[in-house]
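K.L.:
Here is the structure:
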């Protein structure tokens, strides 16, 4: 029986994960608290439009796509205290910052990255990479283990590189490729009492090729990944959304009827079948 094995959120987009045994689907369908904060390459008073944010211009996200220095930041959020603690990898000194008054935090990050940086907050929906299908991302434990074998990497290292929200156990590698169909369609699946729609296999970027602690790149990562992904592609995978082999993990949409539900580690996961995607993809913003 497929079951939800792990729940992971990323309180600050692009920084360290937080694991939990339960998570609520918020009013926009994201996991509550996931990518709630984001670092933006702009002064605090500069406008930021998450709908048009990209890499390389004013107001863009400061993430692993923009600079490998992101990987060297260790972070933890204390929600009860309202603080973010940062430490540079390899150093003992820690810095705690107020998440309500982010003046000191913005100053420290600007010094660290060598450009104006400010931290923005979006309490509902957060700052997703896929702003159209911004539900929690899904992968299987067996898939992470298989990818790790391609590069001689431990499973937890691969987990930190690909940064999925939900991990499914007791299924074979690439099981999650069952959770999407063709354009205009979605695959409904249930986790506990919540119904989600699998839509799109996630297109990967440079981030998984880098060491999650140091930012050091694995030489030939993309080429090796594509070669092995093609060789291990399930025979039954036949979707026009899977248009190249540099894809892994599934982006989802959460119907309004399911928002507010709570997911729990140990919940049964069941595939319900293919549905029309009509009306499922409203554009709203949450690596």
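Numbering (full-length UniProt numbering), first residue to last: 1 to 287.
Cβ atoms here follow ideal geometry from the backbone N, Cα and C, with glycine treated the same way.
Predicted, not measured: the structure shown is a model, and the values here were computed from it.
1) Please return the same chain residues whose Cβ sits closer than 7 angstroms to the Cβ of residue 204, not counting the five positions on each side in sequence.
2) Are residue 288 and residue 169 touching if we call contact CB-CB under 9 angstroms?
3) Whose C-alpha, out of 241, 230, 156 and 236, is nearest the C-alpha of residue 186?
4) How about residue 7 and residue 195: are their beta carbons less than 9 angstroms apart?
5) Would the region 256–265 and the region 204–220 be scored as touching if the rule is three or more Cβ pairs under 8 angstroms?
6) Grab me the residues of residue 144's own chain with a C-beta within less than 6 angstroms of its C-beta, minus the 5 sequence neighbours each way, in chain order.
7) What number of angstroms, rounded off, separates the C-alpha of residue 287 from the C-alpha of residue 104?
8) Please tell me whether residue 40 and residue 131 are closer than 9 angstroms, where the distance is taken between their beta carbons.
9) Quick one: Cα of residue 13 to Cα of residue 128, how far?
10) Rounding to the nearest angstrom, what Cα-Cα distance links residue 126 and residue 95 in this structure?
11) Nearest-angstrom Cα distance between residue 151 and residue 229?
12) What is the DSSP secondary structure of residue 284, reduced to helix, strand or coil?
13) Spatial neighbours of residue 76 within its chain, please: C-beta separation below 6 angstroms, excluding the five flanking residues on both sides.
14) Opposite residue 276 in the DSSP bridges: which residues?
15) Looking at the secondary structure, which residues open and close the beta strand (DSSP E) in which residue 118 lies?
16) Helix, strand or coil: which one does DSSP assign to residue 136?
17) Starting from the N-terminal side, write out each stretch of the beta strand (DSSP E) that is 3 residues or longer and does not extend beyond the region 188–246.
18) Based on Cα-Cα distance, which residue from 97, 200 and 17 lies nearest to residue 180?
19) Starting from residue 96 and walking both ways along the alpha helix (DSSP H), at which residues does that stretch end?
20) Let me know the secondary structure DSSP gives residue 77 once reduced to three states.
21) Are the Cβ atoms of residue 218 and residue 2 separated by less than 9 angstroms?
P.N.:
For this structure:
1) 246, 247 and 248
2) With the chain running from 1 to 287 in the structure shown, residue 288 is simply not present.
3) 241
4) no
5) no
6) 155, 158 and 159
7) Any answer about residue 287 is weak, because its pLDDT of 49 lies below 50 and its placement is not dependable; what the coordinates show is given next. Straight-line Cα distance between these residues: approximately 24 angstroms.
8) no
9) 8 angstroms
10) 24 angstroms
11) 12 angstroms
12) With a pLDDT of 35 at residue 284, under the threshold of 50, the modelled position of this residue cannot be trusted; read the value that follows with caution. If DSSP states are grouped into helix, strand and coil, residue 284 belongs with coil.
13) 85
14) 185
15) 118–121
16) coil
17) 194–203
18) 200
19) Not the alpha helix (DSSP H): residue 96 falls in the beta strand (DSSP E), residues 95–98.
20) strand
21) no
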